[in-house]
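Peer 1:
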Amino acid sequence: MKKEQPKIPYFIFFFENTELRTAADKYLKTNIFHKLKSDFDNREFTQENIFKIKSIYSNIDEKKEVWKIISSSTSSLLANSINRQLKYFENSPLKCASIFEHLHQQEDAMVLYSELFNAFPSIPKAEFLSVGVSEILEMVDVNGDNDPKETSSSFHKKMCYYKRLKNVLQTEQPTKMGYLKNMKLLAESLLSFLNSLEICYKRNEIAFAMIEMFLSSSYLKETLQLHTENSETIITSIGKLLHLQRNELIALGTSQGYSLRGSLSIIDIQFENEDYVVESEEIQKIMKTQKTFSDYVIEKTRELIANYNDYGVNLNTIATLSTELALILFYSTDDYETSCNQLLKSFDYFSSTGWEFIGTSLLEVYIENLNKLVEQRGECVVSQLLASYITLAERDPTKIDDGKFRKLCDELATLERMETNNIFTVESLSSVYCSEVDVYEIDLLMKSELCSTVDKIKLEMVDDVGNTVVFTYTKKLHLKRKNPITLRCADLVFGRFEAKKLSVFSNKLVLVQNVCAAVGITPIETFYCMKNESSKANTTAKMEVSKTRYLNKDLLVFEVKVGSNDVSDIEMVFVKTDPDKLSKEEDYSMKCIQNGITSCVEFEVIEDTKKLLFRPSKSHKWQTEDTLCVEIPYYFPPYVVNTMLELSYELKFKSHPPEGETLLCSRKHKSVVESLLPIAVAADEFFGTSDEHSGQDFFLLSHYTVNAISVDNPIRIQDTSLISDNELITGWKSPKDTVAFLEQGSTFFFKIKDFNDKSVLLKIKYNCVLEEIIGIMKLTFLNFITKMEMVGPVDVFCFSNAASKIWPCLNYKVNFFAITNRIIITNFHEAKLKDCYNFIDKKKIGTFSEAVLDFIESIKDLEIDEKMKNDVYSSTACELHIPVDLPPLNMMNTVKYEFKRELQYLVCEPINVKVVIDVHIVNLTKNQIEEFDKTEKKVRFCGNEESVSYGFHGNSASLEMAFTGNDQKWVISGLKNIAFFVDLKEASETGSHHEFDLTFIPLKPGKLQLPNIEIKNNNQYLNMEVAYRNTSESVLIVSELNKIIHSF
């Protein structure tokens, strides 16, 4: 049973005029007030609803209390009444919403209307097909509340609820922002209403008309313009309405047979089969022709894009609409210029935001668009089209047409370089090796997303200072997914490089892919040729300090050794790293060593401020194992801290293989060499005679002491010789394998008998012990890996070449080796091998490391045989040439004392002594002897302008004999200071003999040295040497008391 509708509350106020009240009135009136309370029972209201009001109260507090009770009761009664009504109509949301609306509680009313509105998520078309569009617009626009009936259709009900929402939301708001907020909600409600209608042409027309009516509000447009900074949310909602309106119009266009190719609108062509007549005159104008229809849709799309752009919202929607506009322009209007630019922007956007599939699809359309532009504009867009093909290949290689791609490459007028991202990938890169003479190669495994035919492939490498090396593959190649390629290079710079760019050539198109890989390029002297199954040699160049060093002359030697191929047109370039050190006063020289025979080569020098170029004057083909050397005088300043010399040089030549074309080759080198001479030599001389009787066997005894200059680098003396043009100078041979240390040197003696030489040449053949150790390590390691089964013949040379960079970096006990010939390595770390990994194929690094470690472990037990010693001595030998000036001797004298020898002599007892002087003249010609007859001959010498006398008297030369420093030991009796003359002819032929009798008297006992005698030469042009035979002997002098008598 339905409960009774709640009564409307009422109030009774009984007014009492206190001034007119009498005692009787008081009684009467009081009864009337109680009568009212009894007659109007208020128990239903649960609050007092009958009140008495006096005209005058006894005090103000009484009055306040009465009106407080009235106010409280009134409020409670009204609230309870509303609650009872809401509870009564709780099953009728529409009634409750009306109550809230009358109470101006708009938000509560809107919540209930929204629930009623959303109760119909979908409306079948049968409910609104018969309703006219104008009738629907009138229902929405006319004021008033037409409550739906129980029998009304869901379309009519939802329309009524939408109208109620519209009325609530369009209530005047106190602020503009409040109005915009309500309009956003209304736009969402309208969008929900239209989307709930079943798809049909009628729905399309209804949606277009209702959205147009909503957007036609001038107040809404004005408010939006004034509050652009806070309109993002409503702009999004309005944009959705505009988007829906445009899509509904495109769908409605199909009713007239209009299609819009390129549109992304979803059109279900199955929703209606019968013809449809458009009611709206405005839509009829739009659909007058296909062109007017297309133009309107394009204009609406642009308006929608502009609407979002103006407020900077919904970038994804902007990109989608822009893409759709481009597609419509391309497919429906043939506006290829506009569509091309927009398609490119859309592709960039979707690709950068992760929409790869959409981006790829747009790229295909973009390529098709460019093909249309090629037909219109010709070659000016070919490069742009090729770039698009490359991008498509990176995304989906299966969609590339090789024929079209090659045709576009052929249409390029000039060389076009394009950077690619992921179209080529270098999966592996080998070390640099040789399989042909004078050609360096590298293996490359390249993954390609472009399966097309290419003409050439280049791999570009760069070092730290900007030098570039390019390895090239020059044959046509049809690229597959994976391509093993061998690239070649004959124009090389040696050092550590970083592979930077891979360039693939297809006619005039060059695709450049950035790569990153470390590569080491080192000179390869010998290698194993698999084709001939034999070892081959490359033409190599090296520049070093000459192994033959001179005391006052330094040389740099630029050496070129011809490999297995004949070469021609050799050019040797020396870069002037320090031009001030070039000795310009000296001449350059070029020599050729063929079959062990050295010959001079005519050559020319071209010099500029940066380099010196040497090349043979005549064209010549140099054969295998020929060596061409250029000697460059150079100055190594002494007493400098940095003795390391940085050299930069280049070799250019033509290599002539037995089969095939001539190779143009270039090699650029950089090296650092030690300029400090590792050996120190001290020289001294002693003049004497070995003939006891005639005194004519004169000689100079030259002796030289050799030391190392570093404590850690002793020197091994292989041979020493003193060379004269006039005689064979012999020396006392030293023990074999003589080693000179820093503080312990080795001395060598030579006996010079011929005094015609002004100078002789001292040659010291030596080697540094450290270089000797390194040489042994190289030879031994080569033999070691040759015997390893896991190392093939090709790898033997590769491993040996790489390991040669390790041996100089190790720490050896050099002094220990110099004494024991045993190699000890200290502080070895496996990390030192990493420096060589760039020169080894990555797949073989493990084998290489294992081989080196095993070799180092075995080196401590190495026994060095004589053959290895000789080989190492020969390869590391250096020579030091020191010109030794000899005194220009013309006069040689022997002086001796002749006296009776006794065991002892008494003090003050005279000793009779004969001084014997033999004078010999050598190295004088007959013309010189004839000149002796001329006395007082005048000459000028040593830059002295004064004339001096030679001291000749006729054909004699003047000598003086004197004794010095003997005052306290000896008394000399006789002619102790005397000048005598020597017959020059006699002295030059048989020798001039002179004797002088003297008496020596000892002054004190002891062992006294005989008096010091001195022979002075008064002839300024004759150089004299004196051999004192026994003048330094000592005799025993005793007193009379100490005299010992011997009897026999």
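Read the sequence shown against the UniProt record's numbering and you will find it ends at 1048, with the numbers running on by one and no gaps.
Even for Gly, the Cβ is constructed at its ideal location relative to N, Cα and C.
Owing to the predicted nature of the structure, the values given are computational and were not obtained by experimental measurement.
(1) Assuming the contact rule is C-beta atoms closer than 8 Å, TYR766 and ILE679 should be a hit. Round their C-beta distance to whole Å, please.
(2) To which residues of the same chain is ASN17 closer than 6 Å at the C-beta, ignoring the five residues directly before and after it?
(3) Return the chain-ordered list of same chain residues with a C-beta closer than 6 Å to the C-beta of TYR1028, the five sequence neighbours on each side being excluded.
(4) Using the beta-carbon count (16 or more within 10 Å), is ASP141 buried or exposed?
(5) If you draw a straight line from the alpha carbon of SER114 to that of CYS160, how long is it in whole angstroms?
(6) Let's test the definition: count the other Cβ atoms within 10 Å of the Cβ of MET644 and tell me whether it reaches 16, buried, or not, exposed.
(7) How about SER675 and TRP622: do their beta carbons lie closer than 8 Å?
(8) Distance check for ALA987 and LYS976, CA to CA, integer angstroms please.
(9) ASP885 by DSSP, collapsed to three states: which one?
(10) Would you report the Cα separation of LYS531 and SER435, rounded to the nearest angstrom?
(11) If you compare alpha carbons, which of ARG549, GLU771, PHE981 and GLY596 is closest to LEU677?
(12) Taking a contact to mean a Cβ-Cβ separation below 8 Å, would you say PHE193 touches LEU249 in this structure?
(13) For ALA708 and PHE748, which I take to be in contact (beta-carbon distance under 8 Å), what is that distance rounded to the nearest angstrom?
(14) Please say whether VAL437 and LYS536 have beta carbons closer to each other than 8 Å?
(15) State the start and end residues of the unbroken alpha helix (DSSP H) segment that holds SER216.
(16) Should THR486 and GLU441 be called a contact, given that it needs their Cβ atoms to be closer than 8 Å?
(17) Given a threshold of 16 other Cβ atoms within 10 Å of its Cβ, counted over all protein chains shown, does CYS809 qualify as buried or as exposed?
(18) When the Cα of SER759 is compared with those of GLU772, VAL796, SER746 and LEU700, which residue comes out closest?
(19) Relative to the C-alpha of THR662, which residue among LEU903, VAL672 and ALA490 is closest?
(20) Taking the CB atoms as reference points, tell me whether VAL515 and PHE497 lie closer together than 8 Å.
(21) In three-state terms, what does DSSP make of ARG549?
(22) What first and last residue would you give for the alpha helix (DSSP H) that runs through ASN1017?
(23) Checking 8 Å against the spacing of the C-beta atoms, do VAL769 and TYR649 come in under that value?
(24) Going by alpha carbons, who is nearest to ASN467 out of GLN284, ILE123 and LYS670?
(25) Mapping DSSP to helix, strand and coil, what is THR820?
(26) Among residues of its own chain, excluding the 5 on either side of GLY943, which ones have a beta-carbon nearer than 8 Å to its beta-carbon?
(27) Taking ALA957 and LYS1016 to be in contact with their CB atoms under 8 Å, please state how far apart those CB atoms are, rounded to whole angstroms.
(28) Does the separation of the CB atoms of VAL791 and ILE785 fall below 8 Å?
(29) Cβ atoms of ARG716 and VAL681: under 8 Å apart, would you say?
(30) Go to GLN284, then tell me how far its alpha helix (DSSP H) extends in each direction, as first and last residue.
(31) Assuming contact is defined by CB atoms lying nearer than 8 Å, are SER189 and LEU165 in contact in what I supplied?
(32) Under 8 Å, do GLY833 and SER849 count as touching if we go by C-beta distance?
(33) Is the CB-CB distance between ASN893 and MET1024 below 8 Å?
(34) Can you tell which of VAL519, CYS200, VAL465 and TYR1021 has the C-alpha that lies nearest to the C-alpha of ASP443?
(35) What ranges does the alpha helix (DSSP H) occupy inside the stretch 747-833, keeping only unbroken runs of at least 4 residues that lie completely in it?
(36) Given a threshold of 16 other Cβ atoms within 10 Å of its Cβ, counted over all protein chains shown, does ALA818 qualify as buried or as exposed?
Peer 2: Straight from the coordinates:
(1) Here residue 766 refers to the residue found at position 766 of the sequence shown. Here residue 679 refers to the residue found at position 679 of the sequence shown. Indeed they touch by this definition, with Cβ atoms about 6 Å apart.
(2) Counting from 1 along the sequence shown, the entry for residue 17 is found at position 17. If we look at ASN17 and ignore the five residues flanking it on each side, its Cβ neighbours are SER55.
(3) Position 1028 of the sequence shown, counted from the start, is the residue given in the question as residue 1028. If we look at TYR1028 and ignore the five residues flanking it on each side, its Cβ neighbours are VAL895.
(4) For the purposes of this step, residue 141 is identified with residue 141 of the sequence shown, where counting begins at 1. With fewer than 16 Cβ atoms within 10 Å of its Cβ, ASP141 is classed as exposed.
(5) By one-based count along the sequence shown, residue 114 stands at place 114. By one-based count along the sequence shown, residue 160 stands at place 160. If you draw a straight line from the Cα of SER114 to the Cα of CYS160, it comes to about 11 Å.
(6) Here residue 644 is taken as the residue at index 644 of the sequence shown, counted from 1. Burial state of MET644 is exposed, judged by a 10 Å Cβ sphere holding fewer than 16 other Cβ atoms.
(7) Residue numbering aside, residue 675 sits at position 675 when the sequence shown is read from its first letter. Residue numbering aside, residue 622 sits at position 622 when the sequence shown is read from its first letter. Not closer than 8 Å, so no.
(8) Here residue 976 refers to the residue found at position 976 when the sequence shown is read from its first residue. Here residue 987 refers to the residue found at position 987 when the sequence shown is read from its first residue. Taking the straight line joining both Cα atoms gives about 23 Å.
(9) Numbered from its first residue, the sequence shown carries residue 885 at position 885. In the structure shown, ASP885 adopts extended strand secondary structure according to DSSP, grouped into three states.
(10) Counting from 1 along the sequence shown, the entry for residue 531 is found at position 531. Counting from 1 along the sequence shown, the entry for residue 435 is found at position 435. Each residue's alpha carbon lies about 8 Å from the other.
(11) For this step, residue 677 is matched to residue 677 along the sequence shown. Of the listed residues, the one whose Cα sits closest to LEU677 is ARG549.
(12) Working through the sequence shown from its first residue, we reach residue 193 at position 193. Working through the sequence shown from its first residue, we reach residue 249 at position 249. Going by C-beta atoms, PHE193 is not nearer than 8 Å to LEU249.
(13) As a first step, residue 708 is located in the sequence shown; it is residue number 708 there, counting from the start. As a first step, residue 748 is located in the sequence shown; it is residue number 748 there, counting from the start. The beta-carbon separation of ALA708 and PHE748, rounded to 15 Å, does not stay under the 8 Å limit for a contact.
(14) Locating residue 536 in the sequence shown gives position 536, counting from the first residue. Locating residue 437 in the sequence shown gives position 437, counting from the first residue. Yes, the Cβ-Cβ distance between LYS536 and VAL437 is below 8 Å.
(15) In the sequence shown, counting from the first residue as 1, residue 216 sits at position 216. From DSSP, SER216 is part of no alpha helix (DSSP H); its letter is neither H nor E.
(16) Residue numbering aside, residue 486 sits at position 486 when the sequence shown is read from its first letter. Residue numbering aside, residue 441 sits at position 441 when the sequence shown is read from its first letter. Inclusion of THR486 and GLU441 in the CB contact set at 8 Å is warranted, their separation being smaller than that value.
(17) Position 809 of the sequence shown, counted from the start, is the residue given in the question as residue 809. With fewer than 16 neighbouring CB atoms inside 10 Å of its own CB, CYS809 falls in the exposed class.
(18) Taking the first residue of the sequence shown as 1, we reach residue 759 at position 759. SER759 has its Cα closest to that of LEU700, out of GLU772, VAL796, SER746 and LEU700.
(19) Numbered from 1 along the sequence shown, position 662 holds the residue referred to as residue 662. The candidate whose alpha carbon is nearest that of THR662 is ALA490.
(20) In the sequence shown, the residue the question calls residue 515 occupies position 515. In the sequence shown, the residue the question calls residue 497 occupies position 497. No, these two residues do not count as a Cβ contact at 8 Å.
(21) The residue given as residue 549 occupies position 549 in the sequence shown. Assignment of ARG549 by DSSP, reduced to helix, strand and coil, places it in the strand class.
(22) Walking along the sequence shown from the start, residue 1017 turns up at place 1017. Taken as a continuous stretch (DSSP letters only), ASN1017 belongs to no alpha helix (DSSP H), being part of the beta strand (DSSP E) at 1012-1017.
(23) Reading the sequence shown from its first residue, position 769 is the one you call residue 769. Reading the sequence shown from its first residue, position 649 is the one you call residue 649. A distance of 8 Å or more separates the beta carbons of VAL769 and TYR649.
(24) Numbered from its first residue, the sequence shown carries residue 467 at position 467. Per the Cα distances, LYS670.
(25) Sequence index remark: in the sequence shown, residue 820 carries index 820 (1-based). Here THR820 sits in helix by DSSP.
(26) Counting from 1 along the sequence shown, the entry for residue 943 is found at position 943. The predicted position of GLY943 is uncertain, since its pLDDT is 32 and thus under 50; no value can be drawn from it.
(27) Taking the sequence shown and counting its residues from 1, one reaches residue 957 at position 957. Taking the sequence shown and counting its residues from 1, one reaches residue 1016 at position 1016. Not really, about 12 Å apart at Cβ, beyond 8 Å.
(28) Locating residue 791 in the sequence shown gives position 791, where the first residue counts as 1. Locating residue 785 in the sequence shown gives position 785, where the first residue counts as 1. Cβ atoms of VAL791 and ILE785: closer than 8 Å.
(29) Residue 681 sits at position 681 when you count from the first residue of the sequence shown. Residue 716 sits at position 716 when you count from the first residue of the sequence shown. No, these two residues do not count as a Cβ contact at 8 Å.
(30) Indexing the sequence shown from 1 puts residue 284 at position 284. Boundaries of the alpha helix (DSSP H) harbouring GLN284: 281-286, taken from the DSSP string.
(31) On the sequence shown, residue 189 is found 189 positions in, with the first residue counted as 1. On the sequence shown, residue 165 is found 165 positions in, with the first residue counted as 1. It is a contact, given that the beta carbons lie within the stated cut-off.
(32) Looking up residue 833 in the sequence shown gives position 833. Looking up residue 849 in the sequence shown gives position 849. In the sequence as displayed, the identity of residue 833 is Leu instead of Gly. Yes, they are a contact pair.
(33) Within the sequence shown, the letter at position 893 stands for residue 893. Within the sequence shown, the letter at position 1024 stands for residue 1024. Contact flag set, yes.
(34) Start at 1 with the first residue of the sequence shown, and residue 443 comes out as number 443. Cα-wise, what sits closest to ASP443 is VAL519.
(35) Within the stretch 747-833, the complete alpha helix (DSSP H) runs of at least 4 residues fall at 769-786, 793-803 and 814-820.
(36) Against the sequence shown, residue 818 aligns to sequence position 818. Looking at its Cβ environment, which holds 16 or more other Cβ atoms inside 10 Å, ALA818 is buried.
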